[in-house]
Structure formats: C-alpha cells, structure tokens
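Here the working numbering is used: position 204 in the sequence shown is 229, and no number is missing along the way. Every residue, glycine too, gets a C-beta built ideally from N, C-alpha and C. Notes follow once the structure below has been shown.
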Amino acid sequence: MRSCWRARKRITELLALLCFFGIASPATAQFNSGFEGTVNDPSGAAIPSAKITVINQATNVTKTTVSSESGTFRVSALEGGTYRITVESPGFNIWTQQDILLESNQTKTVYPVLSVRAQATTVEVKAAVAAVQTAKSDTSREIDERTIDDAPLLGRNIYTSIIQLAPGITGSGLPRGGALGSGSANNDSFEQEPAYAINAAGQRQESNEYQVDGTSVVSASRDGVVNLTPEPDFVQAIRVSGANFSASKGRYSGALVQVYTKPGTNELHGSLSEFHTDNAITGRTIFQTCPPGSTGCHAVPVFRRNEFGGSLGGPIIRNKLFVFGGLFILRSSNATTQVAAVETPQFAQWVKQNYPNGIASAFFTQAAPASAPTAGILTVSQLEGLTPGHYPTPANLPPDLPAAGTGFFPQSPTHNAYQWHVRGDYNFNGDRDRLFADWFNNYSDQLQTDPRSIYRVKVPNHGVFGKFDWVHTFSPT
Numbered sequence: 026m027r028s029c030w031r032a033r034k035r036i037t038e039l040l041a042l043l044c045f046f047g048i049a050s051p052a053t054a055q056f057n058s059g060f061e062g063t064v065n066d067p068s069g070a071a072i073p074s075a076k077i078t079v080i081n082q083a084t085n086v087t088k089t090t091v092s093s094e095s096g097t098f099r100v101s102a103l104e105g106g107t108y109r110i111t112v113e114s115p116g117f118n119i120w121t122q123q124d125i126l127l128e129s130n131q132t133k134t135v136y137p138v139l140s141v142r143a144q145a146t147t148v149e150v151k152a153a154v155a156a157v158q159t160a161k162s163d164t165s166r167e168i169d170e171r172t173i174d175d176a177p178l179l180g181r182n183i184y185t186s187i188i189q190l191a192p193g194i195t196g197s198g199l200p201r202g203g204a205l206g207s208g209s210a211n212n213d214s215f216e217q218e219p220a221y222a223i224n225a226a227g228q229r230q231e232s233n234e235y236q237v238d239g240t241s242v243v244s245a246s247r248d249g250v251v252n253l254t255p256e257p258d259f260v261q262a263i264r265v266s267g268a269n270f271s272a273s274k275g276r277y278s279g280a281l282v283q284v285y286t287k288p289g290t291n292e293l294h295g296s297l298s299e300f301h302t303d304n305a306i307t308g309r310t311i312f313q314t315c316p317p318g319s320t321g322c323h324a325v326p327v328f329r330r331n332e333f334g335g336s337l338g339g340p341i342i343r344n345k346l347f348v349f350g351g352l353f354i355l356r357s358s359n360a361t362t363q364v365a366a367v368e369t370p371q372f373a374q375w376v377k378q379n380y381p382n383g384i385a386s387a388f389f390t391q392a393a394p395a396s397a398p399t400a401g402i403l404t405v406s407q408l409e410g411l412t413p414g415h416y417p418t419p420a421n422l423p424p425d426l427p428a429a430g431t432g433f434f435p436q437s438p439t440h441n442a443y444q445w446h447v448r449g450d451y452n453f454n455g456d457r458d459r460l461f462a463d464w465f466n467n468y469s470d471q472l473q474t475d476p477r478s479i480y481r482v483k484v485p486n487h488g489v490f491g492k493f494d495w496v497h498t499f500s501p502t
C-alpha cells in the first residue's frame, strides 16, 4: 500500500510540473552532446562488452553503456560540461580519462586502449582529447562562459556583441533598423522583439533561428525576431552555426544561434553585478567637442543606466537535485528634446471661445502642448497661403491670428525592466531518469515621448518562457 501511495505521489508531482510549465520539447533539445569511440587492446583488436562510465565532474551524474561486438560505443543526451570517462573489461586494466571538456551540441570522439592486466592497475590518460569532432560536419563555434564574462557586451546583450565572431557569420550584430548611439536604452537583455543584423549561408536575417535550451524563441508571426534574450550571468555557452547543421534544426536556412543556460552543481556558485554608465563617462566622437553637460554645442546626450542583480546555484540533494536562478533589474533614462509643430495658445483660446462644444475645443483643453511654440509662428492667412484651396476657409477666423509654430519639448523618458530565471535538474532512479525544468519571466516598460503631456504614457511589455524535459534511459545500449 505504501509503495502504491509513493507511486501515485510521484506521478502527481510530475503532472503538476507539466501543467505548470506547459511546454514539453524533445529530450535531445537541451542535452544534445555526447561521446563516441571504439575500445581496443594494444594490438588494435576491438574489445566487445566493455563497460563505459561517463561522469559529469561538476554534478557526479553518471551514465553507463557497453561496447558493441565491434568495440564501438556511443553515450548521448549529455549537457555541455567537464567529464571523466572510465572503461573497464575483464582481463584488462581500467582506462580512465578526466577533465574532458564537452561543448554544447558536440559529439566528441575518445580513443580508449586497454592494456592486458598483469596486476590490478588503472591506466589514467592525461592528454586532452582532440577537439575535432568526426560525428558532425558543420561550420560553428561555441562561445564559452569565460568569453561571455570577459567580452565588453554592448548593453549586456549576448546577441549584439559576440555572435558575429563565429565562422560563416557576417553583419554588425546590432539590432536591425540601424546602429545604436550612446545612451540607447533599448539595446539590452529585456527587449522581447528585437532582430539582429547577422547573415549566414547567403540568407536574409529573417532566415536566422534562435534557441534557448533547445527550444525556439523566434517570434511565431515575424521570422528572425527574438522573443527572449537571457542575461549574460544566466548563460553557460552559446553555439553559433553558420552552415551544415543537423537536419533536426533545419526549420530555417540562415544562422542557428543556440543559447544554453547554467545548471546547478554540487558546489555553490553565483554572481553579483552592477553595471552603470552615463554620459559623463562615455567617450566622445570627433564631432562631440563639448564636455558632458554643455549646452549650445555638440555634446554626448544625457543618459543614465543602472543594471544590477545576481545569480545563485547549487545542490538541493547532492549528486541528484540541482537548482540555479537569478534576478536582474534595469533602471535607465535619457534626455531628449522633441521638435514638433503645435497650435499657439491664441488659436486654442479663440477656438474655445467661439466653438466651446466642438471636438477641437475639447482636444485643445485636454491635450494641450507641454509648452507654447517659440519659433516659426504662422498666422491663419500664412497657413492658407502655404496650401491654397486645400482647406475650406473657416467662418469668422481672423486671418492675422497666430495659428501654429514650432515648439521644443525637453523630456526624460525612462526605461525600466527586470528578468528573473530559475532552472532545476533532477536525476533519480539510478540516473536512468532525468528531469529538467526552465523558466524565464521578463518585464519592461518605456515612457513614450510626445509634445502633449497626456500622451506620455508607459508602454508595458511582459513575456514568459517555460520548458520541461523528462529523459528516461530504458537500456544502457
């Protein structure tokens, strides 16, 4: 009875996780790396039925298999990381190789050679495994965690600064629609509909695909537009493929950008960061000759940007249950002056007095400009002269009444946002079952600029991303 209750409890927990995340994807999407090779003796003869054990050195999670009759083996569905491989067979010394760096979406070949046992010994191989992978033919590069940490990321955006460094990739990597200047508040990790200027295989930017932990984050309605940009502190690696990637990733024919988030391990690890920039510490171009804060000449536009937060990961149950998560917050603003043609106070007052119940009177009352125009004032007759016969002459409208002019409207629009993320990995049932869950929550708002104060409103943007994987190994082979 107790075992039945435990089984029902486990099934209930799994169903709850499925309902919470709402998204299931193929098991090979996130854990798509592996090892392969052939077990030989010193004469080159194959050794069948050898036991191969692959251990993740950060989590001690283990996978085992046995070699085939021809000595070949393959261990798949692994995540990127550092591994130790042990090969053993009766009558032979144990062969061990450790500190093998396995990149994301990579199948690495190892070459175990087992010597005949004269006495019980272990042969430990210290040399590094060759980086060339023979199982796949593609033009790609993995950008690892250290490179991401050290790179001067523009706006702390993982896409804009480093993906164009991969072979076969061309373009600036900047958001599509033009390069961004100093003080741009939108080139960050919190935007949910950017597209980036990179090209591969002769294709347009609309042919690029972006994935996070194996799940596509390309907009369903606009190709090439990305709906999720993880914070750099959440990212373990980025693999950028320019051509010849797997057919399973062949929805698009341009670049394939795969982002892999950091997992929890047996050791506590995390980060705290504060990224600040403003116009006072921004380098000037050759045309910006004035010091910060100067007026009446070319200076760096006033802006402020603070992005702060942290991440933390570690074990809940050592060697089995791990968690990693974090939160980052953005507070930014810039100064801008909007130039627009608006009505004069004299014109608005005349309309209110003569047509108090009209639509124009209500508009001028509720949506008055933030300030009166100060340049290029035109009277009614001058406006009519600019477009003769275009509008009917209003009745009783004084021809010398100042009607419209050019106004200057200084504003300080804000751009605030946050992104939080949590990931869990659970290995159980003798490491034959692995659960993986991932969740992102993004929010941003931006104050719209307008000459009329009533239209200066915050535009919110909220998005979520969830993923759930359950991998079960039925047999080591």
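Excluding the 5 residues preceding and the 5 following F453 in the sequence, name in chain order all residues of the same chain whose CB lies nearer than 7 angstroms to its CB. Reading the sequence shown from its first residue, position 428 is the one you call residue 453. These residues qualify, in order along the chain: K345.
Nearest neighbour of Q80, chosen from V100, G289, A365, D470 [CA to CA]: Numbered from 1 along the sequence shown, position 55 holds the residue referred to as residue 80. In the sequence as presented, Gln is not what sits at residue 80; that position holds Ile. Considering only alpha carbons, the answer is V100.
Which one of D169, S186, R171, D303 has the shortest CA to CA distance from P177? As a first step, residue 177 is located in the sequence shown; it is residue number 152 there, counting from the start. Residue S186 is the option with its Cα nearest to P177.
One or two residues paired with Q436 in a DSSP bridge: What you label residue 436 is simply residue 411 of the sequence shown in a count that begins at 1. Looking at the DSSP assignment, Q436 forms a beta bridge with T361.
Whole runs of the beta strand (DSSP E) within the region 327-362, excluding any shorter than 3 residues: 328-342, 346-359
Could you tell me which residues DSSP pairs with L281 in its beta bridges? Taking the sequence shown and counting its residues from 1, one reaches residue 281 at position 256. DSSP, once it has assigned bridges, lists E234, S266 as partnering L281.
Please confirm whether S93 and F117 have their CB atoms less than 8 angstroms apart. Stepping through the sequence shown from its first residue, residue 93 is reached at position 68. Stepping through the sequence shown from its first residue, residue 117 is reached at position 92. No; because the gap between Cβ atoms is not below 8 angstroms, this pair is not in contact.
Which of helix, strand or coil DSSP assigns to A226: Translated into positions along the sequence shown, residue 226 becomes position 201. It is coil, neither helix nor strand.
Take every Cβ of the region 254-266, pair it with every Cβ of the region 279-296, and state whether three or more of those distances are shorter than 8 angstroms. yes
Short check: CB of A393 to CB of L408, under 8 angstroms? Translated into the one-based positions of the sequence shown, residue 393 becomes position 368. Translated into the one-based positions of the sequence shown, residue 408 becomes position 383. Result no, Cβ atoms of A393 and L408 do not sit closer than 8 angstroms.
Close beta carbons around Q228, own chain, < 7 angstroms, minus the five adjacent residues each side: As a working mapping, residue 228 is identified with position 203 in the sequence shown. Cβ neighbours of Q228 beyond the five flanking positions: S278, G279.
Here's the rule I'm using: 16 or more other beta-carbon atoms within 10 Å means buried, otherwise exposed. How should V364 be labelled? Counting from one through the sequence shown, the residue named residue 364 turns up at place 339. By the neighbour-count rule (16 or more Cβ atoms within 10 Å), V364 is not buried but exposed.
Do the region 127-140 and the region 53-70 meet, that is, are 3 or more Cβ pairs less than 8 angstroms apart? yes
Apply the 10 Å Cβ neighbour rule to T37 and answer buried if 16 or more other Cβ atoms are within range, or exposed otherwise. For the purposes of this step, residue 37 is taken as the residue at position 12 of the sequence shown. Since pLDDT at T37 reaches only 48, below the 50 mark, its modelled position is unreliable, and the value read off the structure follows with that caveat. The residue in question, T37, is exposed, as its Cβ has fewer than 16 Cβ neighbours within 10 Å.
Boundaries (first-last residue) of the beta strand (DSSP E) holding K377: In the sequence shown, counting from the first residue as 1, residue 377 sits at position 352. Element bounds for K377: not the beta strand (DSSP E) but the alpha helix (DSSP H), 370-379.
With distances taken Cα to Cα, identify the nearest neighbour of G350 among H446, A305, E170, G267. In the sequence shown, the residue the question calls residue 350 occupies position 325. Per the Cα distances, H446.
Euclidean distance between Cα positions of P51 and L190: Taking the sequence shown and counting its residues from 1, one reaches residue 51 at position 26. Taking the sequence shown and counting its residues from 1, one reaches residue 190 at position 165. Here the model assigns P51 a pLDDT of 45, short of 50, so the residue's position is not dependable, and the following value carries that caveat. Cα to Cα, P51 sits roughly 29 angstroms from L190.
Could you say if the region 458-466 and the region 368-382 meet the contact criterion of at least three C-beta pairs nearer than 8 angstroms? no
Delimiting residues of the alpha helix (DSSP H) encompassing T390: As a first step, residue 390 must be located in the sequence shown, where it is residue number 365. Start and end: 384-391.
Just curious, the alpha helix (DSSP H) that V405 is in, first and last residue? Here residue 405 corresponds to residue number 380 of the sequence shown, with the count starting at 1. Looking at the DSSP string, the run of the alpha helix (DSSP H) that includes V405 is 405-411.
First and last residue of the uninterrupted alpha helix (DSSP H) at Q171: Sequence index remark: in the sequence shown, residue 171 carries index 146 (1-based). The residue asked about is misnamed: residue 171 is Arg in this sequence, not Gln. First-last of the alpha helix (DSSP H) with R171: 170-175.
Chain-order list of residues whose beta-carbon lies under 6 angstroms from that of S74 (same chain, five-residue window excluded): The residue you call residue 74 lines up with position 49 of the sequence shown. Hits under 6 angstroms: V91.
Tell me the rounded alpha-carbon separation between P255 and Q131. The sequence position of residue 255 within the sequence shown is 230, counting from 1. The sequence position of residue 131 within the sequence shown is 106, counting from 1. Looking at the two C-alpha atoms, the distance is approximately 22 angstroms.
Between the C-alpha atoms of F499 and T89, what's the straight-line distance to the nearest angstrom? Indexing the sequence shown from 1 puts residue 499 at position 474. Indexing the sequence shown from 1 puts residue 89 at position 64. So the alpha carbons of these two residues sit roughly 12 angstroms apart.
What did DSSP end up calling P257 once you bin it into helix, strand or coil? Residue mapping note: residue 257 aligns to position 232 of the sequence shown, counting from 1. Looking at P257 - three-state DSSP - the assignment turns out to be helix.
Here's a check: name, in chain order, each residue in its chain whose Cβ is nearer than 6 angstroms to the Cβ of N233, leaving out the five neighbours to either side. If you number the sequence shown from 1, residue 233 lands on position 208. For N233, where only same-chain residues beyond five positions count, the Cβ hits under 6 angstroms are G249, G279, A280.
So, helix, strand or coil for N8, using DSSP? Any answer about residue 8 is impossible in this case: the structure gives the chain only from 26 up to 502.
Nearest residue (CA-CA) to S355, options V367, K377, R330, N379: Translated into the one-based positions of the sequence shown, residue 355 becomes position 330. At residue 355 the sequence reads Leu, which differs from the Ser that was named. Of V367, K377, R330, N379, the residue nearest in Cα terms is R330.
Helix, strand or coil: how does DSSP classify R181 here? Along the sequence shown, one-based indexing puts residue 181 at 156. Helix, per DSSP.
How many whole angstroms separate the CB atoms of G198 and I183, which I take to be in contact at a CB cut-off of 8 angstroms? In the sequence shown, counting from the first residue as 1, residue 198 sits at position 173. In the sequence shown, counting from the first residue as 1, residue 183 sits at position 158. G198 to I183, Cβ: 10 angstroms. No contact.
Please classify Y480 as buried or exposed, where buried requires at least 16 neighbouring CB atoms within 10 angstroms. Mapped onto the sequence shown, residue 480 falls at position 455. That one is exposed.
Taking the alpha carbon of Q436 as the point to measure from, which residue in L337, N359, T310 has its own alpha carbon closest? What you label residue 436 is simply residue 411 of the sequence shown in a count that begins at 1. The option with the nearest alpha carbon to Q436 is N359.
Under 8 angstroms Cβ to Cβ from P427, same chain only, skipping five residues before and after it: list those, please. If you number the sequence shown from 1, residue 427 lands on position 402. Contacts found: T369, Q371, F372, I402, L403, T404.
What does the alpha-carbon distance come out to for the pair P438 and T361? The residue you call residue 438 lines up with position 413 of the sequence shown. The residue you call residue 361 lines up with position 336 of the sequence shown. Roughly 8 angstroms between the two C-alpha positions.
List the residues that DSSP assigns as beta-bridge partners of P200. In the sequence shown, residue 200 corresponds to position 175, counting from 1. DSSP lists Y221 as partners of P200.
Relative to the alpha-carbon of P424, which residue among S406, E216, R247, S386 has its alpha-carbon at the smallest distance? Position 399 of the sequence shown, counted from the start, is the residue given in the question as residue 424. It is S406.
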